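For reference, the structure discussed in these notes is given below.
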Amino acid sequence: MNIFRLAGDMTHLASVLVLLLKIHTIKSCAGISLKTQELYALVFATRYLDLFTDYISLYNTLMKLIFLVSSFSIVWYIRHHKIVRRSYDKDQDTFRHYFLVLPCFLLALVINEKFTVKEIMWTFSLYLEAVAILPQLVLLQRTRNIDNLTGQYVFLLGAYRSLYILNWIYRYFTEPHYVHWITWISGLVQTLLYADFFYYYFQSWKNNVKLELPA
Amino acid sequence: SVDGDVHDEL
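For the record, the sequence lines run as chains Y and X.
One gets our numbering by counting positions in the first sequence from 1 and adding 527 to each.
One gets our numbering by counting positions in the second sequence from 1 and adding 1051 to each.
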């Protein structure tokens, strides 16, 4: 474990908690894409299959449980909570996210480190995580008005992946056999997807104006 | 046991 990875995990945890807090306190999911949340629940479900088979550390197991419970809770809130579901704008959240699942799965079948069920599911979860934010970014572009919590949520998600890139660089130089091209390229693609959001987020923060994404 | 192919990152 290194400081970049710990900071990345904490930022990732913060992003999920910010979202849960928003939905739980103001009982609203306005501006949140259910599709992105469903994709994240699928990412964790397919990535943490080894939750009970490979014990790595208490931290690792605890964090996996937190991410699984929180991501499925968010999906539950938006779909089934009697008050929250009313604020879900399904007419705007129209990204065909199922079109993301199949290509990621097919790619995982072709490009993976080992052709085993667990490894293919793990690789699938990496590719899916890289594109999971797309429905949310499309929704932000469409609704144009970004409330602070949603902006913070997307910012923290991007920051977590950026910190992970620093973690991979650090591990590459400190651990001789640490080479995971699939993880690195997938993580880089994911971070690049946030780049334009970051740009507008910083612009709005610097000029102290409301965050607006160009149409 | 963290053998070679176990992914130790979240």
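Virtual Cβ for every residue (Gly too), placed ideally from N, Cα, C.
Note that the coordinates shown come from a computational prediction; the quantities given were computed from them, not determined experimentally.
- Outcome for F579 of chain Y when other beta-carbon atoms lying within 10 angstroms are tallied against a minimum of 16: Taking the first sequence and counting its residues from 1, one reaches residue 579 of chain Y at position 52. Residue burial is scored here from C-beta neighbours: F579 of chain Y has fewer than 16 other C-beta atoms within 10 angstroms and is therefore classed as exposed.
- Query: Closest Cβ-Cβ distance between W649 of chain Y and chain X: below 8 Å?
  - Reply: Translated into the one-based positions of the first sequence, residue 649 of chain Y becomes position 122. Yes - at least one Cβ of chain X is within 8 Å of the one on W649 of chain Y.
- Taking a Cβ distance cut-off of 8 Å, strictly less, list which residues of the stretch 530-562 of chain Y are near chain X, in chain order. For the stretch 530-562 of chain Y, residues whose beta-carbon sits nearer than 8 Å to a beta-carbon of chain X comprise R532, D536 and H539.
- Sequence-distant residues of its chain with Cβ nearer than 7 Å to F725 of chain Y (five each side left out): Reading the first sequence from its first residue, position 198 is the one you call residue 725 of chain Y. Hits under 7 Å: G685.
- Query: Hey, which unbroken runs of the alpha helix (DSSP H) at 4 residues or more fall wholly within the stretch 618-682 of chain Y?
  - Reply: Those alpha helix (DSSP H) runs which fall completely within the stretch 618-682 of chain Y and span 4+ residues are 625-637, 644-658 and 661-670.
- Going straight from the alpha carbon of G678 of chain Y to that of K733 of chain Y, what length do you get? Residue 678 of chain Y sits at position 151 when you count from the first residue of the first sequence. Residue 733 of chain Y sits at position 206 when you count from the first residue of the first sequence. Rounded to the nearest angstrom, the two C-alpha atoms are 14 Å apart.
- Query: Do the CB positions of F599 of chain Y and C631 of chain Y come within less than 8 Å of each other?
  - Reply: As a first step, residue 599 of chain Y must be located in the first sequence, where it is residue number 72. As a first step, residue 631 of chain Y must be located in the first sequence, where it is residue number 104. At a Cβ-Cβ threshold of 8 Å, F599 of chain Y and C631 of chain Y do not count as neighbours.
- Task: Within its chain, find whatever has a CB closer than 6 Å to the CB of F531 of chain Y; leave out the 5 residues flanking it on each side and keep chain order.
- Result: As a working note, residue 531 of chain Y is residue 4 in the first sequence. In its chain, beyond the 5 residues on either side, L690, L693, N694 and Y697 have a beta carbon closer than 6 Å to the beta carbon of F531 of chain Y.
- Determine, using beta carbons only, whether N587 of chain Y comes closer than 8 Å to chain X. On the first sequence, residue 587 of chain Y is found 60 positions in, with the first residue counted as 1. For N587 of chain Y, the answer is yes, since a Cβ of chain X falls inside 8 Å of its Cβ.
- Item | Distance between D620 of chain Y and A635 of chain Y (C-alpha atoms, nearest Å) | Taking the first sequence and counting its residues from 1, the one referred to as residue 635 of chain Y is at position 108. Taking the first sequence and counting its residues from 1, the one referred to as residue 620 of chain Y is at position 93. Near 27 Å, if we compare the C-alpha coordinates of D620 of chain Y and A635 of chain Y.
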